[in-house]
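Residue numbers (UniProt numbering): 1 to 582.
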């Protein structure tokens, strides 16, 4: 029988042993919670007190999680994420953790999340929908709503220029020097009614010059590009019906250069194609005896050059119909170029012209390596498979190859033994070479193959080369007097950035070779390695309850698709996406 009285000595000794044990917390029965301190039970709380009690619990839970995260951080658990991952990846991981267990309407996205999603959507809407099934991304409708908040209409946008002015204030004089590049792109004709702005898109729209009751089928885009520092920015675009008139183009260019000068940029060069209406405009905007002009009486000269890659194509195309006499008794003929390719293709085991194929002789827009071509012609002349006069064609190819290298350099020093493929400096041989070739070009003649007549005046590429060379020499004489402008990469004077812009527009979706004007931009030739001054994150407008729309000037990674959305907007949310059908 066990006694029913007070605890015995053995019980007391057991309790003492427990207290001395590591499990002494089992003997503690006192509650230290908020309700216990107040002497209340949860069932005794009224609705307001119950709500406040739940808020207190959530606050304690949040503090506990913060302490746990702080402890993990102090132990170095996040060192890999913090040290190795870039900002875009970090933001993406955070967005996935933040939204993975929430319903669609409860998900929240930062500006960085929307910019990343836009870049993926502009690459491929179909791919974006596939990734959205795996990861957490904003809906397509949300992206189109974001795009609708960017007020980028035809002509010059004052908000864009205000942001550019802020950027330019932090630049030195050399980095402010820029070129104005423009080109046009074909559009599929069509009309679209914007209910928000009460405006019909699809008509010719020349910005400050007004709208015309004609259906637009071209987009004329203007871009500026840094000559020393690698930056670029779309500054204006217009919708035109066919090719814009020379007079309207002149007014737009003078107006743009004037506005760029007003915000502190030094626009010292204008780059365009050597064909069509641009040649007529150049004759109207500059004096016949010079190759430069001034705007608003500013002493800074604005020189005009033509894109050298297009000049090279025009030179090649002229040889398809004409023989070119470039020195006395020296004639370049395209037939020797084609014969050299055929001999190389048929007789050699190891081909010299391995990068050429028959399509180069069937399509006018193809490009051939002049250096390899000249070497191959010389080889066949040495083997007597071609007549000795074919060597003149090889000599001409060498000359054009050197001329192209001298106007398209992207390295500070020459490589591959080509002395003209380097930056323009005071010590480089460019100016001497250009002076010699300018003398030769005065005697170049084009003789029509079929009629035998002199048709030199019917082709403009010779004058295009001359104007470009004189303009570059004049430009260098201006730039070398500016501090820190000790060299000039001549590839910075081409149209690659705007060509790349059009390439990004065309690759949107799958087969958007002819965008429509309601798809009004935004949107690559060789990579131009330029960074946009204003990106999507910069231009996104958000409503503030205490103020009007404001602009956030924060940079993110340079993504070429983001540049594309600065000119051609996405289709409206309630309209089927044209590119989804591709």
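Backbone N, C-alpha and C fix where the C-beta goes; we use that ideal spot for every residue, glycine too. Keep in mind the model is a prediction, meaning the values are calculated, not measured.
Separation of residue j from residue i, as counted between CA atoms
i           : j           : result
residue 184 : residue 146 : 27 Å
residue 478 : residue 172 : 16 Å
residue 198 : residue 207 : 17 Å
residue 326 : residue 438 : 11 Å
residue 500 : residue 443 : 36 Å
residue 253 : residue 244 : 12 Å
residue 122 : residue 332 : 46 Å
residue 471 : residue 436 : 16 Å
residue 408 : residue 402 : 10 Å
residue 410 : residue 416 : 14 Å
residue 386 : residue 395 : 14 Å
residue 329 : residue 397 : 16 Å
residue 126 : residue 467 : 47 Å
residue 166 : residue 189 : 37 Å
residue 161 : residue 251 : 19 Å
residue 492 : residue 271 : 10 Å
residue 459 : residue 469 : 17 Å
residue 564 : residue 66  : Any reading at residue 564 must be qualified, since the residue scores a pLDDT of 38, below 50, and its modelled position is unreliable; the value itself is stated next. Roughly 41 Å separates the two Cα atoms.
residue 232 : residue 498 : 9 Å
residue 583 : residue 506 : The structure shown has nothing for residue 583, since the chain only spans 1 to 582.
residue 521 : residue 191 : Note that residue 521 scores 39 on pLDDT, short of 50, meaning its location in the model is unreliable and no value can be drawn from it.
residue 210 : residue 464 : 32 Å
residue 388 : residue 427 : 37 Å
residue 52  : residue 64  : 18 Å
residue 45  : residue 101 : 32 Å
residue 453 : residue 324 : 12 Å
residue 60  : residue 105 : 27 Å
residue 150 : residue 163 : 14 Å
residue 451 : residue 420 : 37 Å
residue 257 : residue 103 : 51 Å
residue 50  : residue 89  : 42 Å
residue 152 : residue 84  : 37 Å
residue 432 : residue 418 : 15 Å
For residue j and residue i, believed in contact at Cβ under 8 Å, the rounded distance
i           : j           : result
residue 34  : residue 56  : 6 Å
residue 404 : residue 312 : 6 Å
residue 267 : residue 302 : 6 Å
residue 236 : residue 156 : 5 Å
residue 531 : residue 230 : 6 Å
residue 583 : residue 212 : Nothing in the structure corresponds to residue 583, since the chain is present only between 1 and 582.
residue 218 : residue 187 : 6 Å
residue 434 : residue 473 : 6 Å
residue 143 : residue 107 : At roughly 13 Å, the Cβ-Cβ gap does not stay under 8 Å, so residue 143 and residue 107 are not in contact.
Sequence-distant residues of its chain with Cβ nearer than 6 Å to residue i (five each side left out)
i           : result
residue 68  : none
residue 448 : 322, 455
residue 309 : none
residue 70  : none
Residue j beta carbon less than 7 Å from that of residue i
i           : j           : result
residue 238 : residue 154 : yes
residue 456 : residue 440 : no
residue 334 : residue 423 : no
residue 273 : residue 241 : no
residue 128 : residue 120 : yes
residue 430 : residue 406 : yes
residue 393 : residue 336 : yes
residue 495 : residue 194 : no
residue 62  : residue 168 : no
residue 86  : residue 112 : no
residue 269 : residue 116 : no
Any non-hydrogen atom of the ligand GDP within 6 Å of residue i CB
i           : result
residue 484 : The ligand GDP is absent from the structure shown, which contains no ligand whatsoever.
Cut-off 8 Å between Cβ atoms - residues of its own chain near residue i, not counting five sequence neighbours on either side
i           : result
residue 461 : 274, 311, 314, 315, 318
residue 260 : 178, 180, 224, 235, 267
residue 131 : 120, 137
residue 196 : 148
residue 255 : 156, 208
residue 483 : 172, 173, 174
Sequence-distant residues of its chain with Cβ nearer than 7 Å to residue i (five each side left out)
i           : result
residue 320 : 334
residue 228 : 174, 175, 177, 485
residue 585 : The question about residue 585 has no answer here: the residues shown for the chain are numbered 1 through 582.
residue 548 : Note that residue 548 has pLDDT 33, beneath the 50 cutoff, so the model's placement of it is unreliable and the number below is only indicative. Closer than 7 Å at the Cβ level, and outside the excluded window around residue 548, lies no residue.
Residue-level contact to chain D via CB, residue i, 7 Å cutoff
i           : result
residue 474 : No chain D appears in this structure, which consists of one protein chain only.
Report yes or no: do three or more beta-carbon pairs, one from the segment 163-180 and one from the segment 215-231, lie closer than 8 Å? Yes: at least three Cβ pairs fall under 8 Å.
- Touch check for the segment 86-100 and the segment 129-136: three-plus C-beta pairs under 8 Å? Yes: the two stretches touch, three or more of their Cβ pairs being nearer than 8 Å.
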